[in-house]
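Following: one structure in structure tokens, then a few remarks.
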Amino acid sequence: MLEPRDDVVPSEPRTSGQRVALFATCFNDTLWPETPKATVHLLERLGVSVDFPADQTCCGQMLTNSGYGSSALPLVRRFVDVFGGYDAVVAPSGSCVGSVRVQHRRIAEESDDDSLADRVAELGPRVYELSEFLVDVLGVEDVGASFPHRVTYHPTCHSLRMLRVDDRPLRLLRAVRGIDLVELPEAQECCGFGGTFALKNADISISMGSDKARHVVGTGAEVLVAGDNSCLAHIGGILGRWRTGIRPMHLAEILAATEGTPA
Amino acid sequence: MTTTPTPSRPPVPGPPQDTSPTFVGMPTFHRAARAALDDTQQRRNLHHATRTIRDKRSRAVAELPHWEELRRAGAAAKDEALDHLADYLIRLEERLTAGGATVHWARDAAEANRIVLDIVRAKEAEEVVKVKSMVTQEIELNEALEAAGVNAWETDLAELIVQLGHDRPSHILVPAIHRNRREIRDIFQREMAAVGRPAPKDLTDEPSRLAEAARLHLREKFLRARVGVSGANFAIADTGSLVVVESEGNGRMCLTLPETLISVVGIEKVLPSWDDLGALLQLLPRSSTGERMNPYTTIWSGVHEGDGPQEVHVVLLDNGRTHVLGDRLGRQALRCIRCSACLNVCPVYERTGGHAYGSVYPGPIGAVLNPQLRGTESDIDRSLPWASSLCGACYDACPVGIDIPELLVELRSRVAGDRGRTAESVAMAATTWLFSDPRRLTAAQRATGVAGRLVGDRTIRSVPGLGAWTNARDLPNPPPESFRTWWARERGGGTREGSGR
Ligand code: SF4
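Sequence lines, in order, name chains X and P.
The first sequence begins at 47 in our numbering and counts up one residue at a time.
The second sequence begins at 29 in our numbering and counts up one residue at a time.
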């Protein structure tokens with residue numbers, strides 16, 4: 047197993063009295079609001095009062111990965127302005143957290159604004175992907191969820207290789223009441239989404255997604271879970287086209303589900 | 029004999045490499061890839077082969093608890109050499125010369141080919157035997173020699189298959205990875221007779237029979253040839269030694285039997301000291317073939333009387349490398365030791381094969397190295413930085429820690445910057461504008477909400493202009509309201525900007 051990248055290891059867990067902000071991410075905010083809603087419900091259930099600073103927008107990853115990193119600079123600045131005052135920032139997206147922790151630093155360093163680079167470096171370690179926040183900061187694995195379904199988990203590339211969340215999401219899922227968690231073959235293979243790759247190299251992207259979808263179907267799962275809705279939209283789009291009836295769901299939504307309020 | 033002046037110290041960034049005639053006019057990556065995806069036989073061969081090597085590699089790497097330390101040591105040795113390249117090259121030249129070798133400097137492919145040809149002509153040789161070497165493919169030495177009436181025989185089994193099949197290599201380490209055993213038998217039976225000992229009439233596709241046919245065919249050439257041509261995996265500055273790492277023993281034959289040995293070596297192959305080999309000789313075989321040690325490692329330091337070649341030439345080649353060296357971020361690509369681990373783990377390479385990359389360097393490393401070595405003038409080089417989903421598997425596998433995803437993103441920004449104003453750049457500017465003010469985002473979300481209420485529960489199977497997505501994928505239904513609208517209603521609005529701690 048490879049070591050985590052030095053520059054992206056989250057700082058030490060904190061205990062109580064924290065000011066916690068939700069970074070919903072622009073895609074979730076606009077297209078998949080159920081995910082940040084579930085994150086809010088879940089965190090509140092665990093006794094964390096979470097804030098949604100309304101001036102947040104987007105981490106700029108799409109710009110950066112498309113070759114427009116300098117255009118992302120205002121968004122990097124906005125991110126530290128909006129979130130710099132919080133003890134912890136939590137986001138239900140491995141990909142966007144990867145962008146904040148790894149790419150923001152590079153963009154800020156390449157700008158002429160030294161103080162921005164310092165602020166970005168200071169904030170980065172306090173920005174957590176959901177499973178990191180639950181396991182490392184809150185120190186919980188059993189979040190009291192209930193989800194009596196057959197589920198398989200796809201680890202998305204950025205959570206796996208940029209953030210190194212490792213088996214944190216699986217540990218959280220294993221503790222869910224009634225869940226039948228089945229292993230996904232070749233789980234660590236990329237699903238082929240890759241942002242604009244899904245359009246610019248659509249044939250390869252679909253070929254990769256189809257192999258992933260085939261493995262998902264093979265598990266007999268009713269639900270495919272992952273920590274990134276963009277990857278889920280891609281794999282889910284293929285599963286939908288094949289009319290498999292398999293439901294793509296974000297990790298937050300499963301962890302928020304209880305016997306009283308099923309997902 | 030050609031003598032070119034030593035490079036100025038430190039090396040000044042040179043020009044990019046000229047695209048070799050074979051790859052001029054290559055289509056963009058995605059066009060070439062589409063054709064490759066349709067070749068189901070090739071895809072099956074590649075899937076099987078890359079999985080096999082990949083699994084072997086993971087096992088070999090997992091055996092070493094200090095793998096990360098080795099990776100760092102390997103990267104540090106290469107960085108030390110690259111950061112002081114001129115010094116180490118001059119040291120290498122001094123040591124090689126002191127050992128009795130003749131050193132030549134070649135700015136580009138044409139110069140290197142001319143130097144090799146001059147030596148071959150001076151020896152009045154009509155053929156050369158070759159050790160597998162990426163750099164001689166890069167400069168298209170075989171073609172240059174053949175044009176001058178000199179036969180260049182590839183002696184590595186896979187390279188032999190490619191050469192006899194009038195084909196191009198599609199993988200760094202396993203050039204014939206796109207061929208299966210049956211295809212190889214057919215090539216041997218059809219082609220061997222024209223260039224030497226024919227294949228046995230009753231040849232089957234059993235690996236041992238195929239290897240035996242190649243062995244018999246090649247042995248004649250080893251014993252006859254008077255000039256050997258090689259590359260080098262490493263060139264050690266402080267001892268003036270060249271190192272070739274191989275599996276089949278054909279290299280050992282080429283490096284020891286002929287009277288004259290010519291080695292073409294990219295200037296980035298230099299290592300500061302003998303001690304650096306310790307880490308690199310562990311990293312390379314485990315990463316490339318998944319073996320703890322490769323079967324043959326040949327090291328020679330100049331000429332030894334009565335033992336091996338009595339005339340040793342070393343051609344140190346730039347061909348775009350100093351151009352890459354001039355780039356702060358891009359320089360790390362020159363650490364590459366051509367192990368091909370990044371190819372074997374790449375889901376894109378696995379589906380497209382090597383030919384779609386339009387260069388002898390395919391896969392993730394090719395996607396970053398080619399646009400740097402050759403510049404981003406051509407369609408293929410401009411499209412290569414997008415030949416990746418940025419999944420990061422290549423970076424994890426790379427034994428010298430080249431951050432290929434980071435370089436791809438950097439190269440994308442260079443290509444996007446060169447293109448100036450395009451539909452895409454306008455769309456990206458609009459994206460920045462939209463996200464620079466949450467009020468604009470809220471307005472846009474209202475439109476999404478209207479669409480969501482219109483669509484309701486129906487499945488979206490096609491949207492004009494989004495065919496690249498909807499040809500094979502349904503679209504997620506837009507929700508009736510955004511998260512921030514829900515939050516404002518349910519939780520009474522968020523805090524204002526800057527009101528944190
Ligand atoms: S980039 Fe790294 S993994 Fe790829 S061939 Fe070079 S050394 Fe090997």
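Cβ coordinates follow ideal geometry from the N, Cα and C atoms, glycine included.
Among the residues of the segment 469–494 of chain P, those with a Cβ less than 7 Å away from any Cβ of chain X are L469, Q473, T476 and T487, in the order of the chain. Judged by DSSP in its simplified three-state form, A180(P) adopts strand. Collapsing the DSSP output to three states places P99(X) in coil. Within the segment 327–396 of chain P, the complete alpha helix (DSSP H) runs of at least 4 residues fall at 349–353, 369–373 and 375–380. Where I290(P) is concerned, the enclosing beta strand (DSSP E) starts and stops at T288 to G294. W461(P) sits exposed, since fewer than 16 C-beta atoms from the chains shown fall within 10 Å of its C-beta. Within the model, the alpha-carbon separation for A154(X) versus P427(P) is close to 29 Å. The way I'd put it, the segment 289–299 of chain X doesn't touch the segment 308–315 of chain P; fewer than three beta-carbon pairs between them come closer than 8 Å.
Listed along chain X, the residues sitting closer than 9 Å to V443(P) by beta-carbon distance are G113.
Per DSSP, T317(P) is not a residue of any beta strand (DSSP E), being assigned neither H nor E. Per DSSP, the continuous alpha helix (DSSP H) segment holding T284(P) begins and ends at N278 to T284. With a threshold of 16 other beta carbon atoms within 10 Å, A369(P) meets it and is buried. Burial of G102(P) is indicated by the presence of at least 16 other C-beta atoms within 10 angstroms of its C-beta.
Counting C-beta atoms within 10 angstroms of its own C-beta, N74(X) has 16 or more neighbours from the protein chains shown and is therefore classed as buried. Residues of the segment 402–433 of chain P that bring their beta carbon within less than 8 Å of a beta carbon in chain X comprise P413, W414, A415, S416, S417, L418, C419, G420, A421, Y423 and D424, in sequence order. Annotation note: the segment 467–517 of chain P contains the following uninterrupted alpha helix (DSSP H) runs of length 4 or greater, listed N- to C-terminal: 495–498. If you draw a straight line from the Cα of Y423(P) to the Cα of S416(P), it comes to about 12 Å. In the DSSP annotation of this structure, the continuous segment of the alpha helix (DSSP H) that includes H245(P) starts and ends at P235 to R252. For the segment 153–213 of chain P, the full-length alpha helix (DSSP H) segments reaching 4 residues or more read 162–166, 169–175 and 185–192 along the chain. Across the segment 167–184 of chain X, no CB contact with chain P closer than 9 Å is found for any residue. For G391(P), the shortest C-beta to heavy atom distance toward ligand 1 is below 8 Å.
K229(P) has its alpha-carbon roughly 40 Å from the corresponding atom of V293(P). In this structure, the C-beta of R314(P) stays at least 8 Å away from each heavy atom of ligand 1. Of the candidates L401(P), A496(P) and G382(P), G382(P) places its Cα closest to the Cα of A60(P). Secondary structure at E168(X): helix, using DSSP grouped into helix, strand and coil. Under the three-state reduction of DSSP output, R196(X) falls in the strand class. By the CB criterion at 9 Å, G238(X) and I225(X) fall outside the cutoff. Neighbours of P390(P) across chain X, judged by C-beta separation under 9 Å, do not exist; the nearest C-beta is about 14 Å away. G283(X) and L503(P) do touch by the CB rule: their CB atoms are close to 7 Å apart, below 8 Å. Between V189(X) and L180(X), the C-beta gap is smaller than 9 Å, which places the two residues in contact. Across the structure, C72(X) and L88(X) are spaced so that their CA atoms are roughly 20 Å apart.
Around the CB of N499(P), fewer than 16 other CB atoms lie within 10 Å, so the residue is classed as exposed. Comparing alpha-carbon positions, the option among W78(X), R91(X) and Q64(X) lying closest to T304(X) turns out to be R91(X).
The beta carbon of S368(P) sits closer than 8 Å to at least one heavy atom of ligand 1. Taking 9 Å as the cut-off, the beta carbon of R214(X) is found closer than this to the beta carbon of D182(X). In the DSSP assignment, the residues bridged to W133(P) are L344(P).
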